[in-house]
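Read through the structure below, which is laid out as structure tokens, and then see the notes.
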Amino acid sequence: MDSPSTSGGSAMLKFHIGVFKDLAAASKSVREVAAKQMVMELKVVHNAYDSHENESGEGGLKLEAEKDDGLDNCAPSVRYVVRRLIRGVSSSREVCYIL
């Protein structure tokens, strides 16, 4: 998996950030594949994060400044994706595709 613009331990799996481009594609089938890929990758990343947290017992990985958003127990990549999706959904930008 490619490294996103998030930080974390070098041994940790990281989310493939390029999926966001496909989530914004004009084609419905491309968006559906991207959404499925995103969920599968995030499950793998979060499971690896949980295993690492259980071994170390400390939450030393940081994605952004501390936030009380209910995502404290999530992998940094999961926190990043959820926050980015929320910002995108709440955006007032309208996109129009000409086919």
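As numbered in the numbering used here, residues 963 to 1061 make up the sequence shown, in order. Backbone N, C-alpha and C fix where the C-beta goes; we use that ideal spot for every residue, glycine too. Values in this document were obtained by computation on a predicted structure and should not be read as measured data.
Asked                                                                                             : Found
8 Å CB neighbourhood of Arg1046 in its chain, flanking five on each side removed                  : Phe982
Buried/exposed call for Arg1041, threshold 16 Cβ in 10 Å                                          : buried
Range of the contiguous alpha helix (DSSP H) that encloses Asp984                                 : 981-985
6 Å Cβ shell around Leu1025 - same chain, five flanking residues per side excluded                : With a pLDDT of 49 at Leu1025, under the threshold of 50, the predicted position of this residue should be treated as unreliable, though the coordinate-derived value follows. Closer than 6 Å at Cβ, skipping near neighbours: Thr968, Pro1038, Arg1041, Tyr1042.
Proximal residues to Ala987 (C-beta, below 8 Å), its chain only, five neighbours per side dropped : Arg993, Ala996
Spatial distance of Leu1033 from Val1044 (CA atoms)                                               : 9 Å
Best match in Ser1013, Asn1009, Gly1050 for proximity to Phe977 [C-alpha to C-alpha]              : Asn1009
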